[in-house]
Amino acid sequence: MTFHKKLTRLDLTLKVSILIIVIVLSTSTVLNLVFRDFFKNYSMDAVYQHIVFFSRTEGRHYGHHILDGNIKIIHKHILDNILAHKNINNIHVYDRDGCLIVDRSGLKRERPTDKWIQDCLKSMTTVNRFEGYLFRHFEPMTVEGKVAGFLYIEFNADFLLTVLAKGRNFFIYMTGILILIFVSIGVVISKRLISPLIDITEASKRVAEGDLSVSVPVKARDERGILSENFNLMVNRLKEAQAEITNYARNLEHVVELRTERLNSALKELREGKEFIERIFSTVGALIVVLNAEGRIVMFNRECEDVTGFGEDEAKGKYVWDFLLPERFIAPVMAVFADLTNQKLPNSLENPWLTKDGKERNILWNNTVIPDENGQIRYVIGTGIDITEKKLMEEYLMESQRLRSIATLITGLSHNFNNILVGVLGYAGLLKMKIASGDITDAAKYIKIIESSAEKASDLIRHLMLFSKKAEYEVREISLNDVVNDVLKIIAHSFLSSISIKTNLQEELYKINADRNKIQQVILNICLNARDAMPEGGVLEIEIFNEEVSEDILPVKKGRYAVIRISDTGCGMDEETKARMYEPFFTTKGLLEHLGMGLSIAYSIIKDHNGHISVDTEMGRGTTFKIYLPAA
Numbered sequence: 092m093t094f095h096k097k098l099t100r101l102d103l104t105l106k107v108s109i110l111i112i113v114i115v116l117s118t119s120t121v122l123n124l125v126f127r128d129f130f131k132n133y134s135m136d137a138v139y140q141h142i143v144f145f146s147r148t149e150g151r152h153y154g155h156h157i158l159d160g161n162i163k164i165i166h167k168h169i170l171d172n173i174l175a176h177k178n179i180n181n182i183h184v185y186d187r188d189g190c191l192i193v194d195r196s197g198l199k200r201e202r203p204t205d206k207w208i209q210d211c212l213k214s215m216t217t218v219n220r221f222e223g224y225l226f227r228h229f230e231p232m233t234v235e236g237k238v239a240g241f242l243y244i245e246f247n248a249d250f251l252l253t254v255l256a257k258g259r260n261f262f263i264y265m266t267g268i269l270i271l272i273f274v275s276i277g278v279v280i281s282k283r284l285i286s287p288l289i290d291i292t293e294a295s296k297r298v299a300e301g302d303l304s305v306s307v308p309v310k311a312r313d314e315r316g317i318l319s320e321n322f323n324l325m326v327n328r329l330k331e332a333q334a335e336i337t338n339y340a341r342n343l344e345h346v347v348e349l350r351t352e353r354l355n356s357a358l359k360e361l362r363e364g365k366e367f368i369e370r371i372f373s374t375v376g377a378l379i380v381v382l383n384a385e386g387r388i389v390m391f392n393r394e395c396e397d398v399t400g401f402g403e404d405e406a407k408g409k410y411v412w413d414f415l416l417p418e419r420f421i422a423p424v425m426a427v428f429a430d431l432t433n434q435k436l437p438n439s440l441e442n443p444w445l446t447k448d449g450k451e452r453n454i455l456w457n458n459t460v461i462p463d464e465n466g467q468i469r470y471v472i473g474t475g476i477d478i479t480e481k482k483l484m485e486e487y488l489m490e491s492q493r494l495r496s497i498a499t500l501i502t503g504l505s506h507n508f509n510n511i512l513v514g515v516l517g518y519a520g521l522l523k524m525k526i527a528s529g530d531i532t533d534a535a536k537y538i539k540i541i542e543s544s545a546e547k548a549s550d551l552i553r554h555l556m557l558f559s560k561k562a563e564y565e566v567r568e569i570s571l572n573d574v575v576n577d578v579l580k581i582i583a584h585s586f587l588s589s590i591s592i593k594t595n596l597q598e599e600l601y602k603i604n605a606d607r608n609k610i611q612q613v614i615l616n617i618c619l620n621a622r623d624a625m626p627e628g629g630v631l632e633i634e635i636f637n638e639e640v641s642e643d644i645l646p647v648k649k650g651r652y653a654v655i656r657i658s659d660t661g662c663g664m665d666e667e668t669k670a671r672m673y674e675p676f677f678t679t680k681g682l683l684e685h686l687g688m689g690l691s692i693a694y695s696i697i698k699d700h701n702g703h704i705s706v707d708t709e710m711g712r713g714t715t716f717k718i719y720l721p722a723a
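Count along the sequence shown starting at 1, add 91, and that's the number in the numbering used here.
This is how it looks when you write it as structure tokens:
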């Protein structure tokens, strides 16, 4: 046997012995840990059962002695129990009020300072706790179903250390014996296994050097013989595989040519697909802009060029907010871009774009992102529609509805205004007669009445002019009390006397940032709807108050709000009408009588102010609108 073979045999024997030792040690260690925990838990459970039995046995006696006032007898029992049970450190007895009345040191009357005991007294239940090997037991003592007091026992279970140490030593001795037995068995087995393994090792070395003529002799019909047969079979398969590889190499060149031809065809299709997509990108009737992760423009389609007047070459490489956005929209757009790069989708935005000649075009955007293989944002894609004309049409419809509301109010006001004029003309005629007769005793009174009537008429005209005057959208800090008071001055004169108007306006109301005319229009539209719902009369109530929403209650978000509540006692709405009440041109009266834009415009205005409008209605029980507007 050569030196190499001897070294191989020694190496395998050593490895087998080390493997056996590792397995035995690992198994023994795991078993030691498992049984140690088992013995520990078993022993602790035995301690628990012993103390619970002791506590309930003695607790019945102690409870009766507490009720009888025999505290000294309890103290004697405590001392006897501590002497009889050397592992009991102390026994405390507490009365029903939680005062310590006796322990091993004698009679007492004091409150416990131990936080754990204080918590147990509050819970008035049985509580057990191991602190290391110190077992603490607390239990109420009951007599005839009533709590007479509380018993606390401290039990020292450190004797468990000795029990666990004996178990550990037993496992150590057994581990050593098992190592000796299994190592001896392993040496014997390894000697029987090594001889064929050495033959296979030498043969495999020759195979690795390219000699496929080698074979291993089969010396037995057991697993070693099967291993040798399988090795020889493997060498034969390698010979066959080598022949197949030779044939495969001859055909490889032809296969490469075919694959190259297919690849060129695929590349051609990709080029055609790219050209197709670029053509769609450039001709689609929507604005498409592609930004990189920094916000610079990568692609700028033809619709973008047509709308803005900037060419793609002028836009590429620039930040979208550097030249296409009005200054007031730069910060909001950058915030939306930050949300997109954090993959907060879906994402939409409406904002103006500046054209090359300085005009603004309103664009409604829907945005998405394209991540790379690592999940990082590579591109941000915005697809927009030019809604400038649509916005103008909305403003026109809103103005039409406002003027129609004014016309409706004027119809109601005409009667009151006519009464004022009749009064003015009547007292003017009386004054004229008095002056003609030379009697001017009541002239001052008539003049005062005429002046008062003229002031009322002037006040009505002034408020109508404020409502009818077209104003630009102007957001500033306003008070809802002032807005509602202005509306009340108009509707108070235009509503039928059968409709009672009640108000409840709160002082110290939150200020809001809003367009005064738009909020007036919202309140007026809802009030006119309420009037139409009460043809036989009723009650219209307008209430304003502050409300703080402590957490998000969709769709109202957390925050401070000034709230308008408008209620009527009219006919109410059914579920179908309620579901469609905010639809433009939806009306139950017919378009010749009513455009059906009042609530739709009110809803749009409140949403533009980041507010929320809700309705509570039922057929025959009236309607209540509740409007939330964020505090400034």
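Note that beta-carbon positions come from the ideal geometry of N, C-alpha and C, so glycine has one too.
Simplified DSSP state of residue i, which is helix, strand or coil
i	result
L303	coil
F261	helix
K237	strand
D737	One cannot answer for residue 737 here, as it falls past the ends of the chain, which runs 92 to 723.
Y339	helix
A422	helix
G629	strand
G376	coil
S134	helix
R469	strand
E642	coil
N180	strand
G400	coil
H700	coil
A519	helix
D186	strand
A624	coil
V574	helix
Exposure of residue i, with buried meaning 16 or more beta-carbon neighbours within 10 Å
i	result
Q612	buried
I268	exposed
P231	buried
Y339	exposed
G687	Reliability fails at G687, whose pLDDT of 43 lies under 50, so the model's placement of it is uncertain and the value that follows must be treated cautiously. With 16 or more other Cβ atoms within 10 Å, it is buried.
S118	Note that residue 118 is Thr in the sequence shown here, rather than Ser. Its Cβ having fewer than 16 others within 10 Å, T118 is exposed.
L713	The question names Leu, yet the displayed sequence has Gly at residue 713. Looking at its Cβ environment, which holds 16 or more other Cβ atoms inside 10 Å, G713 is buried.
H345	exposed
S146	buried
D404	exposed
N- and C-terminal bounds of the beta strand (DSSP E) containing residue i
i	result
R220	V218 to E222
F391	I388 to F391
E451	E451 to P462
K199	G197 to E201
V193	L191 to D194
Supposed close pair residue i, residue j - CB separation, criterion 8 Å
i	j	result
I157	L198	About 12 Å; that fails the 8 Å criterion.
R651	E639	5 Å
F246	I142	5 Å
I704	F716	6 Å
I472	I461	7 Å
L191	E201	5 Å
A653	I610	Contact doesn't hold; Cβ gap of about 10 Å is too wide.
I635	L596	5 Å
D477	V398	6 Å
I165	V184	6 Å
Those residues which DSSP pairs with residue i across a bridge
i	result
T714	D659 and T708
M232	G240
T594	I633
W444	R452
I603	I569 and A722
N323	DSSP output for N323 lists no bridge partner at all.
Y410	R387
F226	F221 and F246
A332	In DSSP, A332 forms no bridge with anything.
N438	N458
V309	V309 is not bridged to any residue.
A653	N637 and L720
Bounding residues of the alpha helix (DSSP H) (the contiguous stretch that carries residue i)
i	result
T668	E666 to R671
H71	Look at the range of the chain in this structure, 92 to 723, and you will see that residue 71 is not part of it.
D210	K206 to S214
9 Å Cβ cutoff, residue i in contact with chain D
i	result
K257	This model lacks chain D altogether, as it is built from one protein chain only.
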